[in-house]
Amino acid sequence: PAGKIVVAGSCIGTGTDLAVWQLEPTGELDAGFATGGVLTHHGAAGGTSTDLAYGAVLDADNRLVLSGMSYSTEPTSEHTLYRIR
């Protein structure tokens, strides 16, 4: 969005969470995005396993759309789509 830099992937904390970082053009975290410039999400498939982002695009309304996978505690996985406002 508007000159910002967006990085999507995963981070490891209590589990592996989907993560999105929004940066200012200077490379500093955008404090106005999510919590201090970082958004994380865990458990889209209902388990406590891994959530990952594989792709990111902007839609026609300049909102971030992510594609990824979410793995539950069972041996199943779900494709995921996230739209970030």
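Going letter by letter, the sequence shown gives residues 302 to 386 in this note's numbering. Ideal Cβ placement from N, Cα and C applies to all residues, glycine included. Since the structure is predicted, the reported quantities are computational estimates derived from the model, not experimental observations.
How many Å lie between residue i and residue j at the Cα?
i    : j    : result
E379 : A303 : 31 Å
H343 : L367 : 14 Å
I313 : L359 : 25 Å
For residue i, which residues of its own chain have a beta-carbon under 6 Å away from its beta-carbon, when the five flanking residues on both sides are left out?
i    : result
V339 : W322
P326 : G304
For residue i, which of the options has the nearest alpha-carbon?
i    : options                : result
T374 : V307, C312, F334, T317 : T317
L370 : A320, G328, N363, E325 : Note that residue 370 is Met in the sequence shown, not Leu. Of the listed residues, the one whose Cα sits closest to M370 is A320.
D331 : P376, R364, V307, D360 : V307
P376 : G337, S311, T351       : T351
G337 : T349, L382, L324       : L324
T349 : A309, G333, Y372, T381 : Y372
Run the CB neighbour count on residue i, radius 10 Å, all protein chains shown included, and call it buried at 16 or more, exposed below.
i    : result
D362 : exposed
L353 : buried
If you drop the 5 nearest sequence neighbours on each side, which residues of the same chain put their C-beta closer than 7 Å to that of residue i?
i    : result
R364 : R384, I385, R386
Determine the extent of the beta strand (DSSP E) in which residue i is found, giving its start and end residues.
i    : result
T381 : 378-385
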